[in-house]
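The numbering of the sequence shown is UniProt numbering, which starts it at 1 and goes up by one. Here is the structure we will look at.
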Amino acid sequence: MKHTTRTALPALAVAAALLLAGCGGGDSETSGHGASHGASKSSAAPARTAFNDADVAFAQGMIPHHRQALEMADLVAGRSSDAEVKTLAEQIRRAQDPEIATLTRWLGEWQQPVPGAHVGHGGGDDGNGGHTMSGMMTEAQLTDLKAAKGPAFDKAFAELMIEHHEGALTMARDVLAKGEAPGVRTLAEAVVKGQSAEIAQLRTIIARL
1 MKHTTRTALP ALAVAAALLL AGCGGGDSET SGHGASHGAS KSSAAPARTA
51 FNDADVAFAQ GMIPHHRQAL EMADLVAGRS SDAEVKTLAE QIRRAQDPEI
101 ATLTRWLGEW QQPVPGAHVG HGGGDDGNGG HTMSGMMTEA QLTDLKAAKG
151 PAFDKAFAEL MIEHHEGALT MARDVLAKGE APGVRTLAEA VVKGQSAEIA
201 QLRTIIARL
């Protein structure tokens with residue numbers, strides 16, 4: 001009996017040690033999961049998107065540039081006599097209005113000022129003393145466009161929108177060469193693709209008017 005008891009005691013001690021080790025391992029594993037979960041939460045938190053001055057300049061310039069395109073598109077109703085011009089004006093509205101919202105959101109995230117409603121109106125001033133918005137219409141050009149009707153309006157609209165779009169292409173290609181923000185690059189590529197196609201369409205409209 002004494003031999004059995006001496007054998008049993010070490011066995012019980014080993015079992016207790018194993019049980020304690022198992023509990024300790026469980027605590028360690030739980031802590032590990034907790035740390036991992038915390039790290040996962042941290043990595044899932046939205047990181048501030050990298051951007052540079054070229055991205056900011058593009059957003060601040062393209063917002064008033066797009067606003068003017070929408071202003072021109074709004075003139076089509078009641079003045080245009082061409083179905084294709086009317087369709088294209090609606091296409092411009094559908095593309096550029098959401099882009100203004102996106103560009104405005106980015107500037108907010110970057111803690112950069114959003115251009116006011118009248119910045120660049122009737123010209124290319126970017127609101128900071130520069131003239132970075134290539135292709136912007138002057139106040140006189142907009143006044144003449146508002147006064148035109150029928151085929152004269154359609155031709156003037158097409159010619160001015162080509163110039164306007166070419167300015168947007170210049171801005172988009174510039175940020176593609178110098179910008180850093182991935183979202184800006186995607187939007188600039190869409191501008192190049194979409195407005196290049198619209199320029200080609202506008203030229204065919206002018207050719208048949």
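Even glycine gets a Cβ: it sits at the ideal position worked out from N, Cα and C. Computed from a predicted structure; not experimentally measured.
Query, Result
"Among PRO64, ALA147, GLU90, GLN141, which has the Cα closest to the Cα of ALA117?", "PRO64"
"If I measure Cβ to Cβ from GLU99 and keep anything under 7 Å in the same chain, skipping five residues before and after, which residues do I get?", "HIS66, LEU187"
"Figure out for me which residue from LYS193, VAL76, THR49, VAL56 has the closest Cα to the Cα of ALA148.", "VAL76"
"CB ARG72 to CB HIS164, shorter than 9 Å?", "In the sequence as presented, Arg is not what sits at residue 72; that position holds Met. A contact, by the Cβ cut-off of 9 Å."
"Could you give the residue range of the alpha helix (DSSP H) that holds HIS118?", "Unbroken run through HIS118: none, as it is neither H nor E."
"For residue 212, which three-state DSSP category applies?", "Residue 212 lies beyond the residue range present for the chain, which begins at 1 and ends at 209; the question has no answer from this structure."
"Can you tell which of LEU209, ALA197, ARG105 has the C-alpha that lies nearest to the C-alpha of LEU88?", "ALA197"
"Note down the Cα distance separating LEU107 from ALA181, rounded to an integer number of angstroms.", "12 Å"
"Tell me the residue span of the alpha helix (DSSP H) that contains LYS146.", "139 to 147"
"Our contact map puts ARG203 next to PHE153 with C-beta atoms below 8 Å; I'd like the distance itself, whole angstroms only.", "17 Å between Cβ atoms; not a contact."
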